[in-house]
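Accompanying notes for the structure given below.
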Amino acid sequence: MSENIPHVLILGGGFGGLSTANEIRKSLSSSQVKITVVDKRNWFMVGFVKLWIIKGTRTFENSTGLLTGLAKKEIDFLNEEINQIDLENKNIKTTTKNLSYDFLIIAMGAALAPQKIPGLTENGMNLYDYKQSEQIHDKIKELRSGIIAISIMGMPYKCPPAPFEASLIIDSMLREDGKRDSVQIHFYSPAPITLPAGGPEISKQILDLISSEKIIFHDSCKIKSVEPNKLIFQNSEANFDLLLAIPPHVAPDVIYESGLAKEDNFIPIGRDCKTSFENVYAIGDVTSLKVTDTITVPKAGVFAEGEGLAVAQNIISKIQSKEESALFDGKGGCFMESGRDTASLIEVDMFSGPKPSVKLTESTSENYDDKLQFEKDRLSKWL
Ligand SMILES: Cc1cc2nc3c(=O)[nH]c(=O)nc-3n(C[C@H](O)[C@H](O)[C@H](O)COP(=O)(O)OP(=O)(O)OC[C@H]3O[C@@H](n4cnc5c(N)ncnc54)[C@H](O)[C@@H]3O)c2cc1C
0 MSENIPHVLI LGGGFGGLST ANEIRKSLSS SQVKITVVDK RNWFMVGFVK
50 LWIIKGTRTF ENSTGLLTGL AKKEIDFLNE EINQIDLENK NIKTTTKNLS
100 YDFLIIAMGA ALAPQKIPGL TENGMNLYDY KQSEQIHDKI KELRSGIIAI
150 SIMGMPYKCP PAPFEASLII DSMLREDGKR DSVQIHFYSP APITLPAGGP
200 EISKQILDLI SSEKIIFHDS CKIKSVEPNK LIFQNSEANF DLLLAIPPHV
250 APDVIYESGL AKEDNFIPIG RDCKTSFENV YAIGDVTSLK VTDTITVPKA
300 GVFAEGEGLA VAQNIISKIQ SKEESALFDG KGGCFMESGR DTASLIEVDM
350 FSGPKPSVKL TESTSENYDD KLQFEKDRLS KWL
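One point on numbering: in numbering that gives the first Met the number 0, the residue at position 332 of the sequence shown is 331, and numbering is uninterrupted.
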């Protein structure tokens with residue numbers, strides 16, 4: 000082991016990486032384990048804040064935590080791009096360094112791939128790209144009449160309820176500006192129901208919720224390309240004045256180059272989050288964890304966090320020469336904002352039985368406050 004103490008190397012300082020690093024450090028001091036987090040960004044922001052930037056209640060600058068804050072916990076942070084993952088030789092190449100490890104956690108998230116849809120970059124906005132959030136806000140404000148199209152362009156995508164939240168937030172923005180009657184909101188999904196991961200009942204509840212605000216849901220719309228002001232689906236076409244797209248998601252390039260995942264897929268894992276390489280784990284959006292033949296664990300921060308906790312427990316056990324037995328519990332709650340500063344809570348237990356159990360609570364302002372608290376808690380406990 001390096002420097003006589005084990006080295007835990009964590010690739011990615013998002014939900015999963017920060018959860019793992021902090022959980023290990025809570026149990027083991029810097030004289031017992033060295034922990035390094037590598038990320039090309041030097042900041043962390045909770046994913047749903049993008050929707051608040053679109054809404055206009057937040058800016059990027061006042062919503063991030065700096066990863067340099069990890070130093071307080073005696074967790075090293077390296078702000079570099081990860082360029083190669085060589086698992087045979089246990090070597091990670093970053094912009095200027097070669098890093099070795101005793102335990103490796105791959106928590107590099109999912110990358111957005113708008114380039115996979117011809118015409119999208121030129122003719123639409125990316126709802127999930129934080130760099131475009133302010134511009135999306137401005138475009139909604141500028142629009143006096145017409146059609147806003149929200150289009151999911153690939154499955155799986157991060158936080159399945161988020162595009163529906165976005166539609167309800169935009170609905171509220173338009174109402175506040177007194178122009179809701181002149182702007183239509185159309186929602187296009189490749190899926191047959193709103194939230195396949197939640198099952199038909201929850202999907203119906205979400206459909207009712209958005210329909211009650213006159214947001215029109217179009218199912219089974221598989222995108223082919225985008226032209227100026229026009230979506231081209233496999234079997235139909237639709238016009239828009241402003242397109243907000245959720246582009247296809249892929250793993251970062253280095254993951255494919257490492258052989259850990261096949262093209263367009265994610266790293267397959269089980270509930271122990273192990274890869275086929277010893278002491279190499281993968282967690283969060285970069286992975287694919289099957290629950291049933293047709294259902295995988297959704298890409299969400301709460302699940303990346305939960306997987307990180309399980310991996311941390313197993314690494315702590317290994318270092319203490321105890322048996323590693325922790326499994327990801329598959330439980331998580333996700334707040335779905337419903338506009339007008341209210342939110343409902345989607346409570347999920349992925350492994351509760353033959354099928355996941357999913358419950359959707361009523362929309363209340365208390366849930367909205369809890370959502371604000373969820374973000375505060377993550378920033379304060381991790382950084
Ligand atoms: C609009 C929106 C709303 C959302 N709302 C919720 C919600 O309410 N609840 C919830 O649980 N989840 C929500 N999510 C999803 C959540 O943000 C993600 O699922 C979560 O961030 C995944 O965590 P992760 O650790 O797997 O990846 P990430 O948090 O994406 O972290 C991956 C990190 O790896 C780094 N990285 C990648 N490639 C490289 C490289 N080559 N070199 C160096 N660094 C690299 C990235 O910079 C990044 O910091 C939302 C997402 C969006 C977009």
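Ideal Cβ positions, reconstructed from N, Cα and C, are used throughout, including at glycine.
- Message: For ligand 1, is there any heavy atom lying closer than 7 Å to the beta carbon of Y367?
- Response: Not under cutoff, so the answer is no.
- Go ahead and pull the three-state DSSP assignment for M0. For M0, the pLDDT reaches just 49, beneath the cut-off of 50, and the residue's location in the model is therefore unreliable, leaving the point undetermined.
- Item | Distance, L126 Cα to C158 Cα | 12 Å
- Query: Residues in its own chain within less than 6 Å of G16 by CB, not counting five upstream and five downstream?
  - Reply: I9, V36 and A106
- Check each candidate in A309, I318, A161 and L142 and name the one with the smallest Cα separation from F239. Nearest C-alpha to F239: L142.
- Message: Quick test of the definition: if touching needs 3 or more C-beta pairs under 8 Å, does the region 74-94 touch the region 220-236?
- Response: The region 74-94 vs the region 220-236: no contact.
- Message: Is G123 a contact residue of ligand 1, with contact defined as CB to any heavy atom under 7 Å?
- Response: Flag unset: Cβ of G123 not near ligand 1.
- Task: Give, in chain order, every unbroken run of the beta strand (DSSP E) that is at least 3 residues long and sits entirely within the region 184-263.
- Result: 214-217, 222-226, 229-232, 236-238 and 241-245
- Query: With a cut-off of 8 Å, do at least 3 Cβ pairs link the region 191-202 to the region 314-327?
  - Reply: no
- Task: Grab the span of the alpha helix (DSSP H) containing S171 for me, first residue to last.
- Result: Where S171 is concerned, the enclosing alpha helix (DSSP H) stretches over A161 to E175.
- Message: Taking only three categories from DSSP, how would you classify K370?
- Response: helix
- Message: Let me check one thing: in DSSP terms, what residues is N278 bridge-paired to?
- Response: Assignment of beta-bridge partners to N278 by DSSP yields no partner.
- Task: Would you tell me roughly how many angstroms separate the C-alpha atoms of P246 and K115, rounded to the nearest one?
- Result: Those two C-alpha atoms are separated by around 8 Å.
- Item | beta-carbon D328 near ligand 1 non-hydrogen atom, thresh 7 Å | no
- Query: Should K54 be labelled buried (16 or more other beta-carbon atoms within 10 Å of its own) or exposed?
  - Reply: So K54 ends up on the buried side.
- Task: Could you pull out every residue in the same chain whose Cβ sits closer than 8 Å to the Cβ of M0, ignoring the five residues on either side in sequence?
- Result: For M0, the predicted model reports a pLDDT of 49, less than 50, meaning its position is unreliable and no value from the coordinates is stated.
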